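Student:
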Amino acid sequence: MSPIITGDFPQRRLRRLRANDFSRRLVAENSLTVNDLIYPVFIVEGKNVSEPITSMPNVNRMSVDVLLKEAEQVAKLGIPVLSLFPAIDHSKKSLLAEESYNEDGLVPRAVRALKKAFPELGILTDIALDPYTIHGQDGIIDDSGYVQNDITVETLIRQAMVHAQAGVDIIAPSDMMDGRIGGIRAELEDSGFVNTQIMAYSAKYASTFYGPFRDAVGSATNIKGGNKKTYQLNPANSREALQEVYQDLQEGADMVMVKPGMPYLDILRQVKDTFAVPTFAYQVSGEYAMLMAAINNGWLTEAAIMESLLCFKRAGADGILTYFAKQIAEQLQAGK
Ligand code: PBG
1114 MSPIITGDFP
1124 QRRLRRLRAN
1134 DFSRRLVAEN
1144 SLTVNDLIYP
1154 VFIVEGKNVS
1164 EPITSMPNVN
1174 RMSVDVLLKE
1184 AEQVAKLGIP
1194 VLSLFPAIDH
1204 SKKSLLAEES
1214 YNEDGLVPRA
1224 VRALKKAFPE
1234 LGILTDIALD
1244 PYTIHGQDGI
1254 IDDSGYVQND
1264 ITVETLIRQA
1274 MVHAQAGVDI
1284 IAPSDMMDGR
1294 IGGIRAELED
1304 SGFVNTQIMA
1314 YSAKYASTFY
1324 GPFRDAVGSA
1334 TNIKGGNKKT
1344 YQLNPANSRE
1354 ALQEVYQDLQ
1364 EGADMVMVKP
1374 GMPYLDILRQ
1384 VKDTFAVPTF
1394 AYQVSGEYAM
1404 LMAAINNGWL
1414 TEAAIMESLL
1424 CFKRAGADGI
1434 LTYFAKQIAE
1444 QLQAGK
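Under the working numbering, residue 1449 is the last one in the sequence shown; the count climbs by one each step, no gaps.
(1) Rounded to a whole number of angstroms, what is the C-alpha to C-alpha distance between G1191 and L1445?
(2) May I ask which residues mark the beginning and end of the alpha helix (DSSP H) holding I1418?
(3) By Cβ distance, which residues of its chain are closer than 8 Å to S1144, with the 5 residues on each side in sequence left out?
(4) Return yes when the C-beta of E1361 is under 7 Å from any heavy atom of the ligand PBG, and no when it is not.
(5) Following the continuous alpha helix (DSSP H) through T1079, name the residue where it begins and the one where it ends.
(6) Assuming contact is defined by CB atoms lying nearer than 8 Å, are T1238 and V1281 in contact in what I supplied?
(7) To the nearest angstrom, how far is the alpha carbon of I1247 from that of I1297?
(8) Can you give me the Cβ contacts of Q1383 inside the same chain, cut-off strictly under 7 Å, excluding the 5 residues immediately before and after it?
(9) Between K1206 and the ligand PBG, is there a pair consisting of the residue's CB and a ligand heavy atom that are separated by less than 7 Å?
(10) My output table needs one value for L1195: the three-state DSSP class, helix, strand or coil.
(11) Any chance the CB of Y1323 is under 7 Å from a heavy atom of the ligand PBG?
(12) Ignoring anything shorter than 3 residues, give me the beta strand (DSSP E) runs that lie fully in the region 1366 to 1393, in order along the chain.
(13) So, do the region 1206 to 1220 and the region 1163 to 1172 have three or more beta carbon pairs nearer to each other than 8 Å?
(14) Return helix, strand or coil for S1204, following the three-state DSSP convention.
(15) Around the C-beta of Y1401, are 16 or more other C-beta atoms found within 10 angstroms, so that it is buried, or is it exposed?
(16) Going by C-alpha distance, which of S1196, V1194, E1158 is nearest V1179?
(17) If we require 4 or more residues per run, which alpha helix (DSSP H) segments fall completely within the region 1212 to 1268?
(18) Closer than 7 Å: is that where the CB of V1390 sits relative to any heavy atom of the ligand PBG?
(19) Going by alpha carbons, who is nearest to M1290 out of M1312, D1303, Q1272, Q1261?
(20) From which residue to which residue does the alpha helix (DSSP H) around G1411 run?
(21) Please name the residue, chosen from I1236, P1153, V1194, K1189, that lies closest to A1200 on a Cα-to-Cα basis.
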């Protein structure tokens, strides 16, 4: 008997099934398909605009006409959902964020154009006031700068209703105010929008990984030294995230989300195991920027992208919001 025999070896050689491509595929526990992808895009006013975002290589802010061309490709690739993030002209920002519920605002116009041209493509809109406030906070502040919960929720409800009337499929509140899911759900029901879905950003952390996004929508310089710690979750906590998810489900969320993604896979797993509801992860702008920086420097290969997305599936995600969605869908279609 060899001294290295421990446990079941050599009766069980775990490397046996890893020896061939066919058996690696056969025993794979998880896989990534195009059906798992949600593609976030940034939109601006204008015609024929496609402007780069310095901290997010290969991601552009697009005017609605350019977005329609992009959406055609997205629909052809079979990506189920496109999510819209507006960069609002500074002149339209205010303390009370009135532009957020303008029926003819950028987002409702984009939603109407997309639903008309591609009725089968799911459209998700973000519900939060940060693109519309002059200070870049997600709500309406008092004199001390504190974001006031209940009057913010009233504005979020108005914003959500305008999006619903424009025909959006999924409303995604990302503001982390208490009670907003219940408020929006009640108003949707009262107005007959019984099938408008809500994907709640339930476990949304006060994260530095949103930095490039704030550049993209132009809320970064406004926020300055400020932060969102009085409403977004403390990165030190996990049980509190479960309370947030519980509350959002009680209030009428159909789907929940954990955000950011990669540093929060433990939260994703706990949420999925605890509630067994459709659970999504957001691979946020900072995660995108890190991967792109490393790839563009030759420090990581592009395969890191697919690996990162597969790991979300393993951790329990039903789908992933990722700026890589189009690129990955193309890769999956090509069978790579
Ligand atoms: C708005 C919102 C943010 C993101 C999505 N919706 C930024 C924030 O909360 O500051 C971040 C997305 C990303 O970083 O990719 N409330």
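Where is the CB? At the ideal position from N, CA and C, for every residue including glycine. No experiment lies behind these values; they were computed from the predicted model shown.
Tutor: By the coordinates alone:
(1) So the two alpha carbons sit approximately 11 Å from each other.
(2) Annotation for I1418: the continuous alpha helix (DSSP H) segment containing it runs 1416 to 1427.
(3) L1423, K1426
(4) Looking at the sequence shown, residue 1361 is not Glu but Asp. D1361 Cβ: outside cutoff for every heavy atom of the ligand PBG.
(5) Here the chain covers residues 1114 to 1449 and nothing more, so residue 1079 does not appear.
(6) yes
(7) 24 Å
(8) S1351, L1355
(9) no
(10) strand
(11) yes
(12) At a cut-off of 3 residues, the continuous stretches assigned as beta strand (DSSP E) that sit fully inside the region 1366 to 1393 are 1368 to 1372.
(13) no
(14) helix
(15) buried
(16) E1158
(17) 1219 to 1230
(18) no
(19) Q1261
(20) Neither: G1411 is in no alpha helix (DSSP H) and is coded neither H nor E.
(21) P1153
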